[in-house]
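Number of protein chains: 2
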Amino acid sequence: MPKQVDHESRRRQIADAVCHLADEHGLEGVTLRDVAARAEVSMGAVQRCFRTKEEMLAFALDHIGARISARVTARLTESPAQSARTALGHATTEISLLRPEHRAEARVWLAFVAQAAVSPPLAEILRGNYSGLHGLFTRLITEATGSPDAEREARTLLALTDGLTTHLLIGHLSPDTALDTLDSHLTRLWGDESA
Amino acid sequence: MPKQVDHESRRRQIADAVCHLADEHGLEGVTLRDVAARAEVSMGAVQRCFRTKEEMLAFALDHIGARISARVTARLTESPAQSARTALGHATTEISLLRPEHRAEARVWLAFVAQAAVSPPLAEILRGNYSGLHGLFTRLITEATGSPDAEREARTLLALTDGLTTHLLIGHLSPDTALDTLDSHLTRLWGDESA
DNA sequence: CCCGTTCCGATGCAAGCGCATCACATCGTA
DNA sequence: TACGATGTGATGCGCTTGCATCGGAACGGG
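Protein chains in written order, with the numbering used here: chain G, 46 to 240; chain B, 46 to 240.
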């Protein structure tokens, strides 16, 4: 056998390059050549890892989705002693990608969401991610409030975080304003349900 | 002078073509040739109306933004006798583009938003649109509830509608579910503020 | 030790892109 | 009526794209 490269790690390496490029110039700026250059591999290597460009994009979306989800669950498990309310607060701020260090991830996410609106395979992946987050939010809200409307509250919260992230990216909101809006919504959620 | 074509109406005609193509294949599927073909004009005519492709996209974004805003204000003025609450309900359902006949506009909007995240000129246009909508929402909420937090509620509502639209487009939510979520949020808004 | 298998990376190719160019209709004017 | 200005649409150009191809390097088995 030849050199025997770890394919899986190479795929992740390429997916990271895709995310970097999508952050800088949007998904339209993601070409096979630029991806190969950024990942510091040859173009042939990229083509061997992924049969088509679309397959590469799908893997990259899965990759970044998994990374974000992992960060959320990590945040929850590292501070398990606190209440479900603060846990949900942590989860939402993590999801909404409001902090500057996650701005790049937010841009990549938005680029993929837009593409998913006209690409069923990408939409399928996103649906999976959102379903998972919806379930997580529902569980936390139920735990914190016992409300029978937890599913609906989870939908509202998830849509709100996405909307705030979007408005942040196009400069309509500042990070502080977005965070304040999110906090306010959570505060009212507790007030309503536990009263 | 030669044929003397109405430039402004032609620009709108081209902008409509841009929107149709963006709806079908995303913004990446918008090429000068396809735009010309869809608008039933020659490619040279497109280039005469807009010096560059980016200028054309900016005009198209302005065009669709104005159309949506116009529809919202039209909806408000055509039923002025009702309360500010129902007015806001109408405005939000109009903005959130949940109805099937506005699905195309929603897809176009999402495509432009994503592009705006990496294109300052487009972001500038979007910021103007959102500022106008934020002002409108703030006014209606103030009128309906007298709450001092009207600005924050308006931000929340605007972000929520955008998030719901996004989730609808990628198939995470059904139109009915999205509408129900929006209605629920509005109901709670009235309950909180007027209590 | 050498050969066969397996993987790699450079190159080629057809298609499509945005943009510039230019001869040609078209109409007001003298 | 003849002319010149002006807007028009077809064509060309340089470049990039995604994808297919192919010679060669790198190992393990006989």
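Even glycine gets a Cβ: it sits at the ideal position worked out from N, Cα and C.
Roughly how far, in whole angstroms, is the beta-carbon of residue 91 of chain G from the beta-carbon of residue 80 of chain G, given that I think they are within contact range, below 8 Å? Confirmed, Cβ separation roughly 6 Å.
Going straight from the alpha carbon of residue 46 of chain G to that of residue 52 of chain G, what length do you get? At residue 46 of chain G, the pLDDT of 48 sits below 50, so the modelled position is not reliable; the number obtained from the coordinates is stated separately. Cα-Cα distance, rounded: 14 Å.
Short of 8 Å Cβ to Cβ, which residues in the segment 200-211 of chain G face chain B? So the close ones are 200, 201, 203, 204, 205, 206, 207, 208, 209, 211.
Which full runs of the beta strand (DSSP E) of 3+ residues lie inside the segment 132-199 of chain B, going along the chain? none
If contacts are defined as beta-carbon pairs under 8 Å, then residue 139 of chain G and residue 153 of chain G qualify, I think. What distance do you get, rounded to the angstrom? The Cβ separation is near 16 Å, so there is no contact.
Say whether chain G places a C-beta atom closer than 7 Å to the C-beta of residue 226 of chain B. yes
Does the CB of residue 217 of chain G have a neighbour CB from chain B at under 7 Å? yes
Straight-line gap, residue 191 of chain B to residue 168 of chain G (C-alpha atoms, nearest Å): 41 Å
So, at 8 Å on beta carbons, what are the nonlocal neighbours of residue 160 of chain B in its own chain, with the 5 sequence-adjacent residues on each side left out? 72, 102, 167
Is residue 176 of chain G buried or exposed, if buried means 16 or more other CB atoms sit within 10 Å of its CB? exposed
Quick one: using the 10 Å Cβ neighbour count with 16 as the cut-off for buried, is residue 236 of chain G buried or exposed? Under this definition residue 236 of chain G is an exposed residue.
Assuming contact is defined by CB atoms lying nearer than 7 Å, are residue 67 of chain B and residue 156 of chain B in contact in what I supplied? yes
Kindly list, in the order they appear in chain B, the residues whose Cβ is closer than 8 Å to that of residue 70 of chain G. 163
For a test of the three-state rule: what should DSSP assign to residue 215 of chain B, helix, strand or coil? coil
Are residue 142 of chain B and residue 204 of chain G close, meaning C-beta to C-beta below 7 Å? no
Listed in chain order, which residues of the segment 74-101 of chain G have Cβ atoms closer than 7 Å to some Cβ of chain B? none
For residue 149 of chain B and residue 207 of chain B, what's the separation of their Cα atoms in angstroms? Roughly 15 Å between the two C-alpha positions.
Is any beta-carbon of chain G found at less than 7 Å from that of residue 130 of chain B? For residue 130 of chain B, no Cβ of chain G is located within less than 7 Å of the residue's own Cβ.
CB-CB under 6 Å to residue 61 of chain B, same chain, minus the five flanking residues each way: which ones, in chain order? none
Enclosing alpha helix (DSSP H) for residue 102 of chain B [first to last residue]: 98-123
Could you check if residue 85 of chain G is buried or exposed, using at least 16 other CB atoms within 10 Å of its CB as the buried criterion? By the neighbour-count rule (16 or more Cβ atoms within 10 Å), residue 85 of chain G is not buried but exposed.
For chain B, find out if any of its Cβ atoms is closer than 7 Å to the Cβ of residue 186 of chain G; answer yes or no. no
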